[in-house]
Amino acid sequence: MINKNFVDFSILLLLKDKKEYLFSFFIFTFIVFLASSILFISDSIKHDLFIALDKQHQIIVKNTKSGRYTPLSEEHIDSILQISGVDNVKGKVDGYYYFAQDRRYFHIVVDESLDEHSMIISSEIKSILAKFKYTTQFNFLTQDGITSLDIKKVIKSNIISNDVILVNEDIARKILNMDEDEYSYLDVLVPNNSEIDFISLKIVDLYPDIKVKTKNDLKSDYEYVFYYKGGIFMILYIVSMISFFILLKNQISSVFGEKKREIAIFRSIGFAIKDIIFLKFIQNSVVALCSYFLGVFLAYIFVFIFGAPLLKNIFLGHDASHIIFTPIVDVKTLFVMFIFTVIPFLASILLPAWKIAVEDMSEVIK
Amino acid sequence: MFFIKRILIIFFIFLVIIIGDLVTYDYVEKEDKIKEISSKMTSISPSFSFASKEYKKFVYDK
Amino acid sequence: MRSKILIRNLYKIYNEKKENEFFALKNINLNIKCGEIVIIKGISGSGKSTLLSLIGALSKPSSGDILVNEQNIAKLPDIFSSQYRNEEVGFIFQSFNLVDGLSVYDNVKAPLVLSNINQDELKKKINLALEVANIAHKSQQMVSNLSGGEKQRCAIARALVNSPSLILADEPTANLDKNNSLIFVDILKKFKQLNKTVVVATHDTIFDNLAFVDTYVNIEDGAII
Ligand SMILES: Nc1ncnc2c1ncn2[C@@H]1O[C@H](COP(=O)(O)OP(=O)(O)O)[C@@H](O)[C@H]1O
Ligand SMILES: [Mg+2]
Chain A
1 MINKNFVDFS
11 ILLLLKDKKE
21 YLFSFFIFTF
31 IVFLASSILF
41 ISDSIKHDLF
51 IALDKQHQII
61 VKNTKSGRYT
71 PLSEEHIDSI
81 LQISGVDNVK
91 GKVDGYYYFA
101 QDRRYFHIVV
111 DESLDEHSMI
121 ISSEIKSILA
131 KFKYTTQFNF
141 LTQDGITSLD
151 IKKVIKSNII
161 SNDVILVNED
171 IARKILNMDE
181 DEYSYLDVLV
191 PNNSEIDFIS
201 LKIVDLYPDI
211 KVKTKNDLKS
221 DYEYVFYYKG
231 GIFMILYIVS
241 MISFFILLKN
251 QISSVFGEKK
261 REIAIFRSIG
271 FAIKDIIFLK
281 FIQNSVVALC
291 SYFLGVFLAY
301 IFVFIFGAPL
311 LKNIFLGHDA
321 SHIIFTPIVD
331 VKTLFVMFIF
341 TVIPFLASIL
351 LPAWKIAVED
361 MSEVIK
Chain B
367 MFFIKRILII
377 FFIFLVIIIG
387 DLVTYDYVEK
397 EDKIKEISSK
407 MTSISPSFSF
417 ASKEYKKFVY
427 DK
Chain C
429 MRSKILIRNL
439 YKIYNEKKEN
449 EFFALKNINL
459 NIKCGEIVII
469 KGISGSGKST
479 LLSLIGALSK
489 PSSGDILVNE
499 QNIAKLPDIF
509 SSQYRNEEVG
519 FIFQSFNLVD
529 GLSVYDNVKA
539 PLVLSNINQD
549 ELKKKINLAL
559 EVANIAHKSQ
569 QMVSNLSGGE
579 KQRCAIARAL
589 VNSPSLILAD
599 EPTANLDKNN
609 SLIFVDILKK
619 FKQLNKTVVV
629 ATHDTIFDNL
639 AFVDTYVNIE
649 DGAII
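Chains as they are written, first to last, in our numbering: chain A, 1 to 366; chain B, 367 to 428; chain C, 429 to 653.
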């Protein structure tokens, strides 16, 4: 039975000693803030990527030579079409153009609806080009000289469109220096899902140099990317948690040292050991819960309202200012984080509280 | 109790801001945009890998 | 009259079975009746505080019995000895033992927060105790700003707030000037009127030869003489 007078009194004591709790409060809030910011960012990116994957073909075929990607030819298309179960094979032109002035790569993607003189760019690319005074058009340097394209439209930057320039297929070949019968990738259309793995093996059988990616492979690739990114932060998080607990332990021993007499006074006026522990539990729950929720709330505002300055670059590279994170809140992971932060925090406080509560009270009589 | 109420009020304000942001965000528009661009691509490479060391992966060996 | 506290063959040994073993109390036998005022006298180090802390269940005796209201408190588990301290005993310590940083009112409230009484009753009890201890006018002051005498009156209010039947005072006048010491003697009389059983441990001569005191107990080297 929760006794309201007791809770009130615990909070009264908490406010009395607020200076001593402030330190743990801020550190705790910061750790939760950092951890949930990372969670929010990676969940948001993952969410967008998986949406993008939705529109992907079942099997994507790339060619390699001495470990590097090389274009595919009509011949590949023809022989893959022979495999039974394959409905259609489409050769695609897609690649990266190196913009030497700014030392970066633009992703050239084909859009059939465009004519020979125009392109569609992302807002990120627009601002990059603007830095070099290309406001209405851009000159690609190609093998056969300069190819000038007008900026027809600017699309919003998102996780996959951020570095994209959409052009006509012929122009794309020109920019990427590919011949008429060369393709960057092949899309293989397999109507029967259960045949996908078998057909991928068949393709590799035909051409050992070819790399085949199924939609599922891509999915696990993305998971891996975030596993790796998340891994770094997991380590950071663990390190900060550990240092936090070391600091906390120091703080506890000093604070509880001074508080020994106070606890003895409470014991002398009738607080049982369990009451002292409950008192500390209430106080530290208030601190931990406030920190936790404040950390999560601030992280949301930081990531989704202010666009996560600083952290964004770690995840997305240095030119991601135009990407807006899709607000995704995964309650389950937040709950797991709750378990892994609040519970150890409380445990680390309650043990020393118990140790002091069971000590004898002879101090008060002196 | 006064203290707890004050904290709850602050958290409530935060929640209102967050829920307001979640509700007003146009997920459908964003989803359409992503799907539109991804349907044009053959292989999706998230932009962030573009800033990584794996540049050379995209360089064609001629 | 019914006996309030009955002490039989009480021993308290510090650092038992160690090199520095010390017999602080030796074979104490004492019978204190309901409503009595008892003064325990003895020089410093004679064992007065030890005896009070045993009666108040702040520590456990090495052997012997302490019966309060015919119940042996010598071997109570923590939960019950805490309840006993909370409901039956009011302590007045030499160094007052108030919680710094809290107001007089909140200090007096402390023993009551363990019981789930409603706000009105809580206020009533606190205000009554403040009245009796004559500190009501300072109720919102921080205890750290009080004078010695005021601190003690605050401690008295806290001791009285749960209306205990037993008051234990350890050197109550040691940190007070003459004037405040006399005020405390008056308060003792008030306790008598309220029919509290009071045990005072002191070496202050101000408590000598008081008419309303029922018993004087002299203690020397841990034994009653
Ligand atoms: N925790 C303790 N450990 C060892 N000796 C103690 C302890 N507490 C008190 N003593 C000793 O017991 C004796 C009686 O102490 P106390 O009861 O405080 O005396 P009084 O209150 O009469 O001055 C003293 O000699 C003191 O040194
Ligand atoms: Mg003493």
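Cβ atoms here follow ideal geometry from the backbone N, Cα and C, with glycine treated the same way. This structure is a prediction, so every number in the text was calculated from the model and none was measured.
Identify every residue that forms a DSSP beta bridge with Lys62(A).
Lys211(A)
Please report the straight-line C-alpha distance between Asn544(C) and Ser243(A), rounded to a whole angstrom.
40 Å
Please determine if the region 34 to 45 of chain A and the region 313 to 329 of chain A are in contact, where contact requires at least 3 C-beta pairs separated by less than 8 Å.
yes
For chain C, check one thing: does any of its Cβ atoms lie closer than 8 Å to the Cβ of Ala272(A)?
yes
Suppose the cutoff is 8 Å on Cβ atoms and the five residues either side in sequence are ignored; what does the same chain contact list for Thr333(A) look like?
Leu39, Asp43
So which residues put a beta carbon under 6 Å from any heavy atom of ligand 2, going in chain order?
Lys476(C), Ser477(C), Asp598(C), Glu599(C)
Inspect the CB distances between the region 77 to 93 of chain A and the region 173 to 188 of chain A and report whether three or more fall short of 8 Å.
These segments touch.
Mapping DSSP to helix, strand and coil, what is Asp170(A)?
helix
Contact check, Leu594(C) vs Lys553(C) under 8 Å by CB: the rounded distance?
Not confirmed; about 18 Å, so no contact.
Does Lys440(C) come out as helix, strand or coil in the three-state DSSP assignment?
strand
How far does the alpha helix (DSSP H) with Thr390(B) in it extend, from its first residue to its last?
368 to 390
Counting only beta-carbon separations shorter than 8 Å, does Lys16(A) have a partner in chain C?
yes
Does any residue of chain A have a CB that is nearer than 8 Å to the CB of Arg430(C)?
no
Under 8 Å, do Leu616(C) and Ile460(C) count as touching if we go by C-beta distance?
no
I'd like to confirm something about Gly484(C): is its beta-carbon nearer than 7 Å to some heavy atom of ligand 1, or not?
no
Could one say the Cβ of Leu388(B) lies closer than 8 Å to chain A's Cβ atoms, at least one of them?
For Leu388(B), at least one C-beta of chain A is nearer than 8 Å to its own C-beta.
Taking its Cβ as the centre, do 16 or more other Cβ atoms sit within 10 Å of Ile653(C), making it buried, or is it exposed?
exposed
Measure the CB-CB distance between Pro489(C) and Leu480(C) and report whether it falls below 8 Å.
no
Mind listing which residues of the region 391 to 404 of chain B have their C-beta closer than 8 Å to chain A's C-betas, in chain order?
Taken in chain order, the members of the region 391 to 404 of chain B whose beta-carbon sits within less than 8 Å of a beta-carbon on chain A are Tyr391, Tyr393, Lys396, Glu397, Lys399, Ile400, Lys401, Ile403, Ser404.
For Ile265(A), which residues from the same chain have a beta carbon less than 8 Å from its beta carbon, with the 5 sequence-adjacent residues on both sides left out?
Val364
Considering only heavy atoms of ligand 1, does any lie closer than 7 Å to the CB of Phe25(A)?
no
Entirely within the region 87 to 153 of chain A and at least 4 residues each: give me those alpha helix (DSSP H) ranges in chain order.
Every alpha helix (DSSP H) of 4 residues or more that sits fully in the region 87 to 153 of chain A is shown, in chain order, as 123 to 131.
So which residues of chain A does Phe378(B) contact, with C-beta pairs closer than 8 Å?
Here the premise fails: no neighbours, minimum Cβ distance about 11 Å.
Helix, strand or coil for Leu545(C), going by three-state DSSP, please let me know.
Checking the sequence shown, residue 545(C) turns out to be Ile, not Leu. In the structure shown, Ile545(C) sits in coil (DSSP, three-state: anything other than H, G, I, E or B).
Taking 8 Å as the threshold, find out whether the region 148 to 164 of chain A comes into contact with the region 63 to 76 of chain A through three or more Cβ pairs.
Too few Cβ pairs lie closer than 8 Å, so no.
Note down the Cα distance separating Val167(A) from Ala100(A), rounded to an integer number of angstroms.
19 Å
Hey, does Asn193(A) have any beta-carbon neighbour from chain B nearer than 8 Å?
no
Measuring only the C-alpha atoms, how far is Gly473(C) from Asp649(C)?
In a straight line, the C-alpha of Gly473(C) is about 7 Å away from that of Asp649(C).
Who are the Cβ neighbours of Ser523(C) in its own chain at under 8 Å, not counting the five residues just before and after it?
The answer, listed in chain order, is Asn603.
Beta-carbon within less than 6 Å of Tyr97(A)'s beta-carbon, same chain only, minus the 5 sequence neighbours each way: which residues are those?
Taking Tyr97(A) as the centre and dropping the five residues before and after it, the same chain places the C-beta of Phe106, Ile108, Ile175 closer than 6 Å to its C-beta, in chain order.
If we cut at 8 Å on Cβ distances, does Phe28(A) have a partner in chain B?
It does not; no Cβ of chain B falls within 8 Å.
Going by the beta-carbon positions, is the gap between Ile203(A) and Gln58(A) smaller than 8 Å?
no
Can you tell me whether Gly484(C) is buried or exposed, with buried defined as 16 or more other CB within 10 angstroms of its CB?
Buried: at least 16 other Cβ atoms inside 10 Å.
Work out the CA separation of Phe23(A) and Phe30(A) for me, nearest whole Å.
Rounded to whole angstroms, Phe30(A) and Phe23(A) show a C-alpha spacing of 11 Å.
Does the region 279 to 288 of chain A come within contact of the region 342 to 354 of chain A, defined as at least 3 CB pairs closer than 8 Å?
yes
For Asn284(A), decide whether its Cβ has a neighbour in chain C, counting only Cβ atoms nearer than 8 Å.
no
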